[in-house]
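Read top to bottom, the protein sequences are chains A and B.
So for the first sequence, my numbering puts the first residue at 1; every next one is plus one.
So for the second sequence, my numbering puts the first residue at 380; every next one is plus one.
Number of protein chains: 2
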Amino acid sequence: MTDERLARAGLSRLTEPGDLRVARAVAQVGAIQLYDDILAHRDRDQLVADAAGRMVRLDPAAELERAERSGIRFVIPGDAEWPTQLDDLAHGEPVSELGGVPVGLWARGPLELDRLADSVAVVGSRSSTTYGEQVARDIGAGVARADRCLVSGAAFGIDQAAHRGALALDGPSVAVLACGVDRPYPAGHRSLIEHMATVGAVVSELPPGCAPLRIRFLARNRLIVALTCGTVVVEAATRSGALNSAGWAESLSRPLMGVPGPVTSAQSQGVHQWIRSGAAALVTGVDDVLELVGSAGEHVRDVPRAPVQPRDRLARRHRQVLEAVPVRQPAGLASIAATAGIALVDAQTALTYLTEHDFVVQGPAGWRLGPRAQADLPA
Amino acid sequence: MTDERLARAGLSRLTEPGDLRVARAVAQVGAIQLYDDILAHRDRDQLVADAAGRMVRLDPAAELERAERSGIRFVIPGDAEWPTQLDDLAHGEPVSELGGVPVGLWARGPLELDRLADSVAVVGSRSSTTYGEQVARDIGAGVARADRCLVSGAAFGIDQAAHRGALALDGPSVAVLACGVDRPYPAGHRSLIEHMATVGAVVSELPPGCAPLRIRFLARNRLIVALTCGTVVVEAATRSGALNSAGWAESLSRPLMGVPGPVTSAQSQGVHQWIRSGAAALVTGVDDVLELVGSAGEHVRDVPRAPVQPRDRLARRHRQVLEAVPVRQPAGLASIAATAGIALVDAQTALTYLTEHDFVVQGPAGWRLGPRAQADLPA
């Protein structure tokens, strides 16, 4: 047990996640000095006064041992598994008066947190639609298929659908909680969260036992954005916890992506606003996502292209003649040339070409459309 | 009957819409000179050769009289009702080898074409979904409500839904056809098109009697974009005639707008691609549309905002204390201060404030949540 780890575990217990005063003091004087100062009642920024009520039964050494017995580890900066991308939080602008690098992360599960460097977050509304859940599940599965970790918040709705999509493919899925990692929240997701603790990881800034206070969700959202290399919002109404993620994505220069939905759905309203304002990029599936989060050159997406119809390959003047050929009743050369507005000799040349390539059929009474040209006439 | 009108009616009959050679020659030597040259077989750019087949029964004077008897007028540049925004086509880049200012517009219906200056186009897939049609109808109605003309192509699917939306509010609706205005196409929309000819207008570059050749739809799409001050694409698969409109919108610097839909719908794929690439702006309804096409200051849209919940207005430290107050079992000051991570004295001040404002209720055993704070707890 190093002093550093002990001090950070103490600070984790004494202060709230995202408290800028803590992050700044740790950066200035170090965790050990800050912790000693608080214990010695040498106040800075009223931190001692605020922490006073939590000092009564403070015993980080015992807490770390108890955690270890329960399979919970406390990961701090400098550890091999520390996700160094979190250090970006030292420079990002605060959002909702929160910010800063966490003093440490409490974690359960076999997945080491440095694996999260190329992870993708999929988050969204708790009151999701069937559509949103389907899309979240598909993207979660796609992230797993791309051999990346899927990170979300284990909430009802979009979060759980994304987790399940990744888990269904045996992909590593990581839940970042706004409460202690020993305290599955929401309770209805106990088995989902336990499963992730078995095959992936469950992570929190908060020490074991802490309750999921609403204000902690805001700090948690910052962690999800900071841990991953891109955050996809699948559904979000205009009043949505996910809205807060947009601020973090901007603050940390991480790509924020939004999945559109029916404009008639309130659940997509928030996402549409972001895409409209340029805060989020529109993505329609995991291919779009991987293109946006991938390193340059990686995951170059196949833009869905229309199948090229044979007639699309024709020269414009050949098409003009083809358009002038009737579907059923054959027409003569002069009539076709006049309809096309093309010189007789050119119409003749074009008809020869079109006949050779089965676009038109020549009979005794003239030309009519051939089999290759019949498809896809305008209704 | 001026020579100019006669010459242009002749050219309209002899050449295909969007033929760049025609537009350029008219700009260089004038319609009368070009028409005379063609009649005298003085060729330029092979125009005479191409027009030869159509010269046989050419009689624009008789054609204009016949049109007038059928309630069809031929509007040319210089006429009071000429929609001068079409002149932008002289400078726009060609798309699919087409372009140029039309030599004239054949029109039926009481609506004068100069009314189209602030009109809005709503177009989209012929094979639309119920969702797309509902949105097109709503936007069509919204355009009419804003006292603007609704322009579309009278096709099945999105086009007809947009027309009907405007017509349902007795708004002026204009159909731009890829065939003669006396020849309703598609045939299934005969009564819809006749209705627009009675209350709005039916417009085409093509003289009466002309057939809707496929290639003419591309030239027609350029007219729709050029006539209006913005084009909304409601649904478009990746292979869609509407795709062509994107090129015109860019060429003419007219706003192109796209309505998103479910990413699981092929009908929205084309629109999503455009929004993603930046070719189209995302719009979710007519308010967005009017904001994008309106003059500066006009139609400033109310951004849908989340209703502000009372607790959102609280100072952060007050919220922190509020979060620490239990829902049912009351808690004491020390416990609340410790949970919140706030100094005792500050917690006391906050609780007093929160009690006064009904966020919390104080009883003999401590504080619990009050009625104003109960709403909207995370699931």
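Quick reminder that beta carbons are idealized off the backbone N, C-alpha and C, glycines included.
Check, Outcome
"Check whether chain B comes within 8 Å of Tyr131 (chain A), counting only Cβ atoms and requiring the distance to be less than that.", "yes"
"In chain order, what residues of the same chain have a beta carbon less than 6 Å from the beta carbon of Gly297 (chain A), not counting five sequence neighbours either side?", "Bear in mind that the predicted position of Gly297 (chain A) carries a pLDDT of just 43, short of 50, making it unreliable; the figure below should be weighed with that in mind. So the list is empty, once near-sequence residues are dropped."
"Flag this pair as touching only if the stretch 245-263 of chain A and the stretch 220-231 of chain A have three or more C-beta atom pairs under 8 Å; answer yes or no.", "yes"
"In chain order, what residues of the same chain lie with their CB nearer than 7 Å to the CB of Glu614 (chain B), ignoring the 5 residues before and after it?", "Gly503, Ser504, Ser507, Thr508, Gly511, Ile537, Gly640, Gln646, Ser647 and Val650"
"In angstroms, rounded to a whole number, what distance separates the CA positions of Ser475 (chain B) and Gly626 (chain B)?", "9 Å"
"Tell me whether Ala744 (chain B) sits in a helix, a strand or coil according to DSSP, three-state version.", "coil"
"Using CA atoms only, rank isn't needed, just tell me which of A:Arg73, A:Gly341, A:Arg145 and A:Pro83 is closest to Val181 (chain A).", "A:Arg73"
"Assuming contact is defined by CB atoms lying nearer than 8 Å, are Leu495 (chain B) and Pro473 (chain B) in contact in what I supplied?", "no"
"Rounding to the nearest angstrom, what Cα-Cα distance links Gly71 (chain A) and Pro110 (chain A) in this structure?", "10 Å"
"Report yes or no: do the stretch 418-438 of chain B and the stretch 361-372 of chain A share at least 3 C-beta pairs separated by less than 8 Å?", "no"
"In terms of alpha-carbon separation, which member of B:Gln652, B:Gly657 and B:Leu597 lies closest to Glu629 (chain B)?", "B:Gly657"
"Just to confirm before moving on: does the CB-CB distance between Val120 (chain A) and Val259 (chain A) stay below 8 Å?", "no"
"So is Thr198 (chain A) buried or exposed if we call it buried at 16+ other beta carbons inside 10 Å?", "exposed"
"Can you tell me where the alpha helix (DSSP H) holding Gly544 (chain B) begins and where it ends?", "Ile537 to Ala547"
"Note down the Cα distance separating Arg387 (chain B) from Gly285 (chain A), rounded to an integer number of angstroms.", "51 Å"
"With burial defined as no fewer than 16 other Cβ atoms inside 10 Å of the residue's Cβ, what is the status of Val401 (chain B): buried or exposed?", "buried"
"In angstroms with no decimal places, state the Cα-to-Cα distance between Leu529 (chain B) and Pro587 (chain B).", "23 Å"
"Under DSSP, the alpha helix (DSSP H) around Arg359 (chain A) begins and ends at which residues?", "Residue 359 (chain A) is actually Phe in this sequence, not Arg. Segment: none, Phe359 (chain A) is in no alpha helix (DSSP H) and carries neither H nor E."
"Which residues of chain A have a Cβ atom closer than 7 Å to the Cβ of His651 (chain B), listed in chain order?", "Pro260, Leu282 and Thr284"
"Quick one: which chain B residues come within Cβ less than 9 Å of Leu116 (chain A)?", "Neighbours of Leu116 (chain A) on chain B: none; closest Cβ ~24 Å, over 9 Å."
"Might you give, ordered along the chain, the residues of its own chain that have their beta carbon closer than 7 Å to the beta carbon of Asp467 (chain B), omitting 5 neighbours on each side?", "Ala605 and Leu631"
"Quick one: what does DSSP say Thr610 (chain B) is sitting in, helix, strand or coil?", "strand"
"Taking Cβ to Cβ, would you say Ile715 (chain B) is nearer than 8 Å to Val724 (chain B)?", "no"
"Does any residue of chain A have a CB that is nearer than 8 Å to the CB of Leu592 (chain B)?", "yes"
"Taking 7 Å as the limit between beta carbons, can you name the residues of its chain near Arg317 (chain A), skipping five residues before and five after?", "Ile342, Asp346 and Ala350"
"Going by DSSP in three states, Asp79 (chain A) sits in which element: helix, strand or coil?", "coil"
"Which full runs of the beta strand (DSSP E) of 3+ residues lie inside the stretch 41-128 of chain A, going along the chain?", "72-75, 105-108 and 120-123"
"Does DSSP put Asp398 (chain B) in a helix, in a strand, or in coil?", "strand"
"Relative to the alpha-carbon of Ala694 (chain B), which residue among B:Tyr732, B:Val553 and B:Arg487 has its alpha-carbon at the smallest distance?", "B:Tyr732"
"According to the neighbour-count rule (16 or more other Cβ atoms, all chains shown, within 10 Å of its Cβ), is Val283 (chain A) buried or exposed?", "buried"
"Within its chain, find whatever has a CB closer than 8 Å to the CB of Gly457 (chain B); leave out the 5 residues flanking it on each side and keep chain order.", "Glu383"
"Once you ignore the five residues that flank Ile417 (chain B) on each side, which residues in its own chain have a CB closer than 7 Å to its CB?", "Leu393, Leu426, Val427 and Ala430"
"By alpha-carbon positions, which one of A:Val263, A:Pro212 and A:Ala219 ends up nearest to Ala237 (chain A)?", "A:Val263"
"Based on Cα-Cα distance, which residue from A:Gln273, A:Arg220 and A:Ala281 lies nearest to Leu98 (chain A)?", "A:Arg220"
"What separation, rounded to the nearest whole angstrom, lies between the Cα atoms of Val679 (chain B) and Ile654 (chain B)?", "Reliability fails at Val679 (chain B), whose pLDDT of 48 lies under 50, so the model's placement of it is uncertain and no value is given."
"Chain B beta carbons: is any one of them nearer than 8 Å to that of Leu344 (chain A)?", "yes"
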